[in-house]
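Enquirer: Got a structure here, written out as structure tokens. Questions coming.
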Amino acid sequence: MVPYRVVVHVDEMACWPVALTNLRNLLNDVGQDHLQAELVANGPAVAFYADLPETAEKFPPNWQEGVYRELIEEMSGLHSQNVRFIACANALRANHLDPAQLLPLVQVVPAGVTEIVRKQHEGYAYVKP
Amino acid sequence: MVPYRVVVHVDEMACWPVALTNLRNLLNDVGQDHLQAELVANGPAVAFYADLPETAEKFPPNWQEGVYRELIEEMSGLHSQNVRFIACANALRANHLDPAQLLPLVQVVPAGVTEIVRKQHEGYAYVKP
Amino acid sequence: MVPYRVVVHVDEMACWPVALTNLRNLLNDVGQDHLQAELVANGPAVAFYADLPETAEKFPPNWQEGVYRELIEEMSGLHSQNVRFIACANALRANHLDPAQLLPLVQVVPAGVTEIVRKQHEGYAYVKP
């Protein structure tokens, strides 16, 4: 069994930077071969996954466009090292987003909270940045 | 064993709406027969359980009275589907509330944090909205 | 095995008071002999551990110097009852702090998030105040 398993929960846009930093630190510390990690976004945080002009309006006031670009690049880098990125379909509907509008690396699940509970039952640790 | 078991932790008033939405989404997704869920409130969030005029003063600024009524109804609906709602006695004291002032569906435990730890030791997942 | 085991996660300065209160309530409720507890600080919250004039500038606006002193005393009291206090080395670097600047009771780990995941894999519950 892979020694480190974690589900990271993000439900506010403002928590994305620290969530990605946590995953990067974990990956650097234990190495890709020893980590199974996924990030589950629900609530308004799912808008991060939609690379649309409207997304910028949902940014925290202190994010510039350049910051968002860097975060998206960091997410792609983590994804290329096997970190999974998941969106809650309920949250997409509540935020008037269609799965087709999301970045291709994102997987959609019917309910993000079920995914978070299921992963913990499978032995994943939970981190809420 | 019931397949999905979760303790949801709420310690700020502003987190009640998303916590109730998480529980509703989970219930709709897995069904009442497959879920054992409880919400543990501590800190200032326990005031939500006290249906008193003073509670309104502790609302986040963007909640109207009508919003609070709808949330209380949603809590009652979840409770009728076997979701348990728990208050921390330490938090009640710190917020000058008496257990007798709480809605009848609420159970009081000596320390909310102990309940949260115990449930995880019993195999419940933890979600902090 | 000790019946109650918990890792408490603090990543924002503003969450220190409630985190220490949670640990105090847990200790009072279950007793020192039945508790293995540690607090892991990462992100800007690590500055709490550095007893420096600059730390005061990172306080939430509603903290007075006296409040900080009381919290440090409470942390020392908990530490004398075997609660461990841990800092993330990545967060120290990001906040321009050296391990030598921290209060002596603090242990430093390479990555706070790894510690949080590892403890959960060892059977510790997770609480995010």
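Residue numbers (my numbering), protein chains in the order written: chain S, 20 to 148; chain X, 20 to 148; chain E, 20 to 148. Even for Gly, the Cβ is constructed at its ideal location relative to N, Cα and C.
Terminal residues of the continuous beta strand (DSSP E) containing H53/E?
Expert: Note, H53/E: premise wrong, no beta strand (DSSP E); not H, not E.
Enquirer: Strictly below 8 Å CB to CB, what residues from chain X border L90/E?
Expert: Correct list: empty, because the minimum Cβ distance to chain X is about 16 Å.
Enquirer: Got a sec: is the Cβ-Cβ distance from K138/X to anything in chain S below 7 Å?
Expert: Interface flag for K138/X against chain S is unset, since no Cβ pair is found closer than 7 Å.
Enquirer: Examine chain E for any beta-carbon lying closer than 7 Å to the beta-carbon of Y145/S, and answer yes or no.
Expert: yes
Enquirer: For A144/E, write down the residues that DSSP places opposite it in a beta bridge.
Expert: V25/E
Enquirer: Can you pull the chain E neighbours of N44/S, defined as C-beta to C-beta under 7 Å?
Expert: N109, A130 and V132
Enquirer: Classify E57/E as buried or exposed, calling it buried when 16 or more other Cβ atoms lie within 10 Å of its own Cβ.
Expert: buried
Enquirer: Check each candidate in W35/E, E31/E and L42/E and name the one with the smallest Cα separation from R24/E.
Expert: L42/E
Enquirer: At least one CB of chain E closer than 7 Å to the CB of I135/X: is that the case?
Expert: yes
Enquirer: Could you compute how far the alpha carbon of G62/S sits from the alpha carbon of A119/S?
Expert: Between G62/S and A119/S, the C-alpha separation is close to 18 Å.
Enquirer: Could you please give the first and the last residue of the uninterrupted beta strand (DSSP E) stretch that includes A106/E?
Expert: R103 to C107 is the extent of the beta strand (DSSP E) around A106/E.
Enquirer: Do you know offhand how far T40/X's Cα is from A110/S's?
Expert: 10 Å
Enquirer: Report, in whole angstroms, the separation of the C-beta atoms of V86/S and L54/S, which I expect to be a contact under 8 Å.
Expert: About 26 Å separates the two Cβ atoms, so there is no contact after all.
Enquirer: Taking 7 Å as the cut-off, decide whether the C-beta atoms of V132/X and N44/E are in contact.
Expert: yes
Enquirer: Closer than 9 Å between beta carbons: that is the criterion. Which residues of the region 58–72 of chain E meet it against chain S?
Expert: Those residues of the region 58–72 of chain E that come within reach of chain S (Cβ to Cβ, closer than 9 Å) are N61 and G62.
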